[in-house]
Amino acid sequence: MANNKSSFRFRFSEFLFITFIIISSTLLAFSSGSFVLNFKKVGFSIISTLDKGVHFVVDGVADTFNAVGELRKLKKDYNELVIKLENYEQMQRSNADITKENARLKEQLDFAVSIDEKNIPAQIISRDLGNAFSYLTIDKGSVNGIRKNMPVIAFQNGNQGLVGKVIQVGTFTSQIMPVYNINNIVSARIQNTRDLGLVNGLGSQDQPLQMQYIRKRVLDELHFGDVVVTSGENDNYMRDIPIGSISKITVLDYNSSLNIELTPIIDFSRLETVIVVNQKELNDRKQSEVD
């Protein structure tokens, strides 16, 4: 029992000693201002951390708004560039079309000047392709000097060719019966043999022309690709205007002449401009040379 009491006293004394040290240290810390300083440091750290967090969040939100604004600006700039590019491409296409049109018109003009007879360039403004009696309408009429039965020619891809003849004249427009019209019959010759025959159409610009009354005995002298030209007889057309080239020759037992198919020199599906020729008058250039 005595040992237990002494042991208890020893432990209690140690506890009192430790308590005394803690109280003394605490009082000393308060008297020196250490706790006040530590509390300030702790408060400053907490506030600094909160401020840094708020600043980070605010900067993040601001950066997000700035990014959205920048994205909108980029999208607007992109749309404007797309529109400018489309306008540029359209302008390029327009320039290319104008260049091609100028080249076609220059080709027709150079050809028109080279013709001895007086000539009137014209534009095709409509087509009647619904039946075998097809017609073309041009933008020139009596006020431009167009008269009925005047021959019409064209210059296409470097080739001169027969288009047809004027059959009806208005004040400002005229109607042409093309060579592929079933009623248009042209006196023609095979260019290399000079054999005479008649050429007429089958009613469509997509069908070949046909030439008749060429004798069978000249069959060996004919070749595919031989050119057929106007004969110049009957004063209907000028002489030696190309009409078409031989694409097929058929020998018929019951017929004394050959049945010849021609591919027209002029591609009528692409024809836009023509030249109406007044065979009764010389053109201005030739007239000045005569004078």
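Letter by letter, the sequence shown follows residues 1 to 291 in our numbering.
A virtual CB, placed ideally from N, CA and C, is assigned to each residue, including glycine.
A quick note: this is a predicted structure, and the numbers were derived from the prediction, not measured.
A straight-line Cα-Cα distance of about 31 Å links Met150 and Leu222. Taking a 10 Å sphere around the C-beta of Asp195, we find 16 or more other C-beta atoms and assign the residue as buried. In the structure shown, Val179 falls within a coil segment according to DSSP collapsed to helix, strand and coil.
Contact between the segment 142-159 and the segment 252-267 is present: three or more C-beta pairs spanning the two stretches fall below 8 Å. According to the DSSP assignment, Val227 belongs to the beta strand (DSSP E) that extends over Val227 to Thr230. Bounds of the beta strand (DSSP E) holding Lys248 are Pro242 to Val251. Separation of Met91 and Asn255 (C-alpha to C-alpha, rounded to the nearest whole angstrom) is 59 Å. Boundaries of the beta strand (DSSP E) around Tyr135: Tyr135 to Ile138. Taken atom to atom, the span from the alpha-carbon of Ile124 to that of Ser134 is near 14 Å. Cβ contact annotation for Val227 (same chain, cutoff 6 Å, sequence separation greater than five): Gln191, Pro242 and Ser245, in chain order. Contact annotation, Leu262 with Val199: C-beta distance approximately 7 Å; criterion of less than 8 Å satisfied. Here the C-alpha atom of Ser126 lies approximately 20 Å from the C-alpha atom of Gly201.
Tyr237: not part of any beta strand (DSSP E); DSSP gives it neither H nor E. By the C-beta density criterion, Val68 is exposed, having fewer than 16 other C-beta atoms within 10 angstroms. For Glu261, the enclosing beta strand (DSSP E) stretches over residues Ser257 to Pro264. Ile146 sits in coil when the DSSP states are folded into three classes, being neither helix nor strand. For Ile176, the closest C-alpha among the options Thr273, Ile138, Ile185 and Ile249 is that of Ile138. DSSP places Gly197 in the strand class (E or B) of the three-state scheme. Three or more Cβ pairs drawn from the segment 201-212 and the segment 173-188 lie within less than 8 Å of each other, which places the two stretches in contact.
Shown here, Phe172 sits in coil according to DSSP, grouped into three states, outside any helix or strand. If you check the CB distance, Val218 and Thr250 do not come in under 7 Å. Between Gln212 and Gly197, the CB-CB gap stays under 7 Å.
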